[in-house]
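I have placed the structure first, in the form of structure tokens, so that the comments after it can refer back to it.
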Amino acid sequence: MNGLFITIEGPDGAGKTSILKELFPLLKKVAKTEMIQTREPGGIPIAEEIRQVILDPKNERMDERTEALLYAAARRQHLVEKILPALKEGSIVLCDRFVDSSLAYQGAGRRIGMREIARLNEFATEGLTPDFTLYLDVDSDTGLHRIQKNRQNQIDRLDSEGLEFHQRVRHAYLKLAEEYPERIHKIDARLSFEEVLQASYYAIIEKYPQFFEN
Ligand code: TYD
Numbered sequence: 023m024n025g026l027f028i029t030i031e032g033p034d035g036a037g038k039t040s041i042l043k044e045l046f047p048l049l050k051k052v053a054k055t056e057m058i059q060t061r062e063p064g065g066i067p068i069a070e071e072i073r074q075v076i077l078d079p080k081n082e083r084m085d086e087r088t089e090a091l092l093y094a095a096a097r098r099q100h101l102v103e104k105i106l107p108a109l110k111e112g113s114i115v116l117c118d119r120f121v122d123s124s125l126a127y128q129g130a131g132r133r134i135g136m137r138e139i140a141r142l143n144e145f146a147t148e149g150l151t152p153d154f155t156l157y158l159d160v161d162s163d164t165g166l167h168r169i170q171k172n173r174q175n176q177i178d179r180l181d182s183e184g185l186e187f188h189q190r191v192r193h194a195y196l197k198l199a200e201e202y203p204e205r206i207h208k209i210d211a212r213l214s215f216e217e218v219l220q221a222s223y224y225a226i227i228e229k230y231p232q233f234f235e236n
């Protein structure tokens, strides 16, 4: 695989989506090769359809393992249809969420267990891991506060979970960042938008001079 696979992760309310909106064009400008942005769950039609099912507030009866399987199924299709072909062509892929989200949300948040979710995702990804992961860290109080304040769009099934769920998610992320310090770069997302953006940008371009002009 000649390309570069970068993911961005964080609990709800970390500001991932707004950071990505600015970060992607900045990186694309200095990228030495083709660069695409995509997201999970979704990124291609089959996975976007699965996303609708997972996040629909009316599906409150969904079993936790069903949820984990649907995320893994969406991930598999997205990987095969979009991520792998791009990486094979040597492109840079910037993906909003990947396996770490399932480890944190389904493994810890839903309490299925991170090991079980890792096994499920091994199957879905055949062991493909990102080269680099930006983790935007925010405490659950601040995160939830931001969601309530900023969300004009509808609250989805996971956003409506309580404080303890979000705390478990965050602790799982912190644990992963500790376990994989080479891959996961933690950024304090309570800093100002500009600071988070700068930190994200430089973390990537400094680590991969072969892919980005500096
Ligand atoms: P996303 O659209 O990225 O929401 P946000 O912009 O709030 O980060 O993700 C939607 C929700 O899906 C989010 O609450 C996290 C959740 N999710 C999982 O629970 N497991 C997963 O594997 C993925 C990819 C997302």
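Per the numbering used here, the very first residue in the sequence shown carries number 23; after that it's consecutive. Just so you know, even glycine gets a beta-carbon here, dropped at the ideal spot from N, CA and C.
Taking C-beta atoms under 8 Å as the contact rule, Ile76 and Leu92 qualify, at a distance of about 5 Å.
For Asp210, there is no enclosing alpha helix (DSSP H); the enclosing beta strand (DSSP E) covers residues 206-210.
With a cut-off of 7 Å, the C-beta of Pro63 is classified as near ligand 1, since at least one heavy atom of the ligand falls inside that distance. The count of Cβ pairs closer than 8 Å, one atom from the segment 110-130 and one from the segment 92-102, reaches three, so the stretches are in contact. The three-state secondary structure of Glu148, taken from DSSP, is coil. Judged by the Cβ position, Thr39 qualifies as a neighbour of ligand 1 at the 7 Å threshold, a heavy atom of the ligand being closer than this. From the listed residues Leu166, Gln170, Lys54, Arg87, the smallest Cα separation to Ala130 is found for Arg87. DSSP links Ile30 through a beta bridge to Asp118, Leu156. Taking non-hydrogen atoms of ligand 1 into account, the C-beta of Arg137 is found less than 7 Å away from none of them. One Cα belongs to Leu198, the other to Lys51, and the distance between them is close to 31 Å. Beta-bridge analysis with DSSP links Ile58 to Val115.
From the listed residues Ile209, Leu106, Pro63, Phe234, the smallest Cα separation to Glu89 is found for Pro63. Just measuring C-alpha positions, the residue of Arg132, Pro67, Phe120 sitting nearest His193 is Arg132.
In the same chain as His188, and ignoring 5 residues on each side of it, the C-beta atoms closer than 7 Å to its own belong to Pro33, Asp34, Ser162, Gly165, Leu166, in chain order.
With respect to the 8 Å criterion, Glu82 and Gly25 are not classified as neighbours on the basis of their beta carbons. Between Ser222 and Ile66, the C-beta spacing is not below 8 Å. Taking 8 Å as the cut-off, the beta carbon of Leu156 is found closer than this to the beta carbon of Ala225.
Per the DSSP secondary-structure output, Ala53 pairs in a beta bridge with Phe234. Exclusion of Ser162 from the 7 Å shell around ligand 1 follows from its C-beta lying no nearer than that to any non-hydrogen atom of the ligand.
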